[in-house]
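Data first, discussion second: the structure below is written as structure tokens.
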Amino acid sequence: MESMINFLVYDRNIHRNDFIEMGMDYFNWIREECLEYFHLDFVDYFGPVDKYVMNSLPLFESFHPPDSVIYIIIFENSIAGMGGIKHTTDEFSEIKRIFIKPEFRGKGFGNLLMLKLVETAREFGHRKLRQDTNSDMNLYDGI
6 MESMINFLVY DRNIHRNDFI EMGMDYFNWI REECLEYFHL DFVDYFGPVD KYVMNSLPLF
66 ESFHPPDSVI YIIIFENSIA GMGGIKHTTD EFSEIKRIFI KPEFRGKGFG NLLMLKLVET
126 AREFGHRKLR QDTNSDMNLY DGI
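Per the working numbering, residue 6 is the first one in the sequence shown, and the count goes up by one each step.
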């Protein structure tokens, strides 16, 4: 399966609409999790999901190698997910916006994405990674 998966560096001219759509799906999922587990509504703190996604877009569009990167996962000509790393300090870089579309979950894409992010961080000279994503996601296991 690895040979059928490609990691493309985010290009706003090509991937912007898909990135926004996945961002909406990602934050709607976060909202549902917060409601279920904490009885808190994301919207009460950050405003409507669509505005939050659009307001965060310039930050993610500023990610450029060799410090930061967003990857778009392509599988058989379909976008399967996204994820990135952001260099924050000399000591740390953060894993950002890990999202695998529901129809692609359970196929190992999250694990492959994490391996790609770790490899990229090493290539960038980053010494340590920390996650900035939901801590109970199973895709971190075993990496």
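We put the CB at the ideal spot given by N, CA and C, even for glycine.
In chain order, each alpha helix (DSSP H) run of at least 4 residues that lies wholly inside the stretch 44–90: DSSP runs (the alpha helix (DSSP H)) wholly in the stretch 44–90: 47–51, 54–66.
Option nearest ILE78 by Cα separation, candidates TYR57, PHE104, THR94: Ranking the options by Cα distance to ILE78, first place goes to PHE104.
Inter-residue Cα distance where the pair is ASP23 and ARG102: Their Cα atoms are separated by approximately 13 Å.
Proximity below 8 Å, CB of VAL74 to CB of VAL123: No, they are not a contact pair.
Bounding residues of the beta strand (DSSP E) (the contiguous stretch that carries LYS3): It is not possible to answer for residue 3, since the shown part of the chain is limited to 6 through 148.
contact_flag[the stretch 45–58, the stretch 107–115] where n(CB pairs < 8 Å) is 3 or more: Contact between the stretch 45–58 and the stretch 107–115 is absent: fewer than 3 CB-CB pairs across the two stretches fall below 8 Å.
Residue from SER61, GLU81, ASN60, LYS91 whose Cα sits closest to the Cα of PHE68: For the residues SER61, GLU81, ASN60, LYS91, the minimum Cα distance to PHE68 belongs to LYS91.
Among MET119, ASP30, ILE19, nearest to ASP137 - alpha-carbon criterion: Checking every option, the nearest Cα to that of ASP137 belongs to MET119.
Paired residues, beta bridge with LEU40 - DSSP: Looking at the DSSP assignment, LEU40 forms no beta bridge with any residue, so it has no partner.
Simplified DSSP state of HIS92, which is helix, strand or coil: Strand.
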